[in-house]
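Engineer: Supplied in structure tokens, the structure appears directly below.
In the numbering used here, the protein residues as written are 26 to 183.
See below:
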């Protein structure tokens, strides 16, 4: 016979304990982000930031200059995150695939919601989600060392 694995009905998704986000950040294409990264008139960290919200799947590569703030602890640390990065006018979030309701869109929306709570509604309009996430980025720019940082491979024998 075949065995089926059933998940307990009490197992809620990781984000279930947090409020649903209200904002709907706009998308930026991998090409749009690459243009920003290559643009000499804008500075990463001053004019824009890239937030990678992957956790256990933070592997293979990352976008050059991205900072890693895992989605699973993002909501709880929002007050500190706002204090540290809200001076940056444009913030781009991504996870592995950035599907609707996924980690990238959810954290971007929470960040935009928090900006609005702090009276920074104009800035909330400059919160973006990378279309297609890291998968789309790697397929377009994975080989470009100026845009992508390859992560050292760790052996699985820990």
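Using N, Cα and C, we set each Cβ at its ideal position, and we do this for glycine too. Quick caveat, the model's predicted, so the values are computed rather than measured.
How is residue 62 classed by DSSP in three states: helix, strand or coil?
Structural biologist: Looking at residue 62 - three-state DSSP - the assignment turns out to be helix.
Engineer: In three-state DSSP terms, what is residue 32?
Structural biologist: For residue 32, the predicted structure reports a pLDDT of 49, less than 50, and the residue's modelled location is therefore unreliable. The matter cannot be settled from this model.
Engineer: Report the rounded CA-to-CA distance for residue 47 versus residue 135, giving the unit in angstroms.
Structural biologist: So the alpha carbons of these two residues sit roughly 8 Å apart.
Engineer: If you count every other CB in all the chains shown that lies within 10 Å of the CB of residue 130, and 16 or more means buried, which is it?
Structural biologist: The residue in question, residue 130, is buried, as its Cβ has 16 or more Cβ neighbours within 10 Å.
Engineer: Identify which residue in 44, 65, 75, 43 has its Cα closest to the Cα of residue 58.
Structural biologist: Among 44, 65, 75, 43, the Cα nearest to that of residue 58 belongs to 75.
Engineer: Label residue 32 either buried or exposed according to how many other C-beta atoms from any shown protein chain fall within 10 Å of its C-beta, with 16 as the threshold for buried.
Structural biologist: For residue 32, the predicted model reports a pLDDT of 49, less than 50, meaning its position is unreliable; a value from the coordinates is still stated below. With fewer than 16 other Cβ atoms within 10 Å, it is exposed.
Engineer: Which value, in whole angstroms, describes the spacing of the CA atoms of residue 171 and residue 67?
Structural biologist: Cα to Cα, residue 171 sits roughly 15 Å from residue 67.
Engineer: Considering residue 76, what are the terminal residues of the alpha helix (DSSP H) in which it resides?
Structural biologist: First-last for residue 76: 73-77, but that is the beta strand (DSSP E), not the alpha helix (DSSP H).
Engineer: Measure the CB-CB distance between residue 104 and residue 80 and report whether it falls below 7 Å.
Structural biologist: Result no, Cβ atoms of residue 104 and residue 80 do not sit closer than 7 Å.
Engineer: What residue ranges within the stretch 152-176 form continuous alpha helix (DSSP H) runs of no fewer than 4 residues, ordered along the chain?
Structural biologist: Here the runs fully enclosed are 158-166.
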